[in-house]
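Peer 1:
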Amino acid sequence: SREGFSDFLNSAEHSLDLRIKLKGCETYNEVIDLALKYGFNITINDIKRESSSAEIENWFKNSKINPIRRIHK
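Residues in the sequence shown are numbered consecutively from 211, following my numbering.
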């Protein structure tokens with residue numbers, strides 16, 4: 211689930227050992243296997259959805275349009 215993936219990422223933020231092992235993963239399947247070893251049930255769709263969400267969030271942050279300032283004459 212997406213919540214499970216979020217929990218997995220949160221655990222990785224707090225575990226040096228897990229971060230080191232994640233850096234060694236070269237495929238989504240390796241990440242999923244690692245998550246399972248740590249007790250997290252995630253799928254490839256969870257990873258892809260999170261990736262898409264991050265891309266969309268970054269797009270909104272980078273595409274912010276500043277308000278138009280009125281010039282008083």
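Each residue gets a CB set at the ideal place from its N, CA and C atoms; glycine is no exception.
Starting from Asn-335, trace the alpha helix (DSSP H) in both directions and tell me its first and last residue.
Peer 2: Outside the displayed span of the chain (211 to 283) sits residue 335, for which this structure offers no information.
Peer 1: Near Phe-250, what residues of its chain come up, given a Cβ to Cβ distance below 7 Å and the 5 sequence neighbours on each side ignored?
Peer 2: Gly-214, Asp-217 and Phe-218
Peer 1: Under the three-state reduction of DSSP, which class applies to Ile-254: helix, strand or coil?
Peer 2: helix
Peer 1: Have a look at Tyr-238, Leu-246 and Lys-247 and flag the residue whose alpha-carbon is nearest the alpha-carbon of Arg-259.
Peer 2: Closest in C-alpha terms to Arg-259, from the list Tyr-238, Leu-246 and Lys-247, comes Tyr-238.
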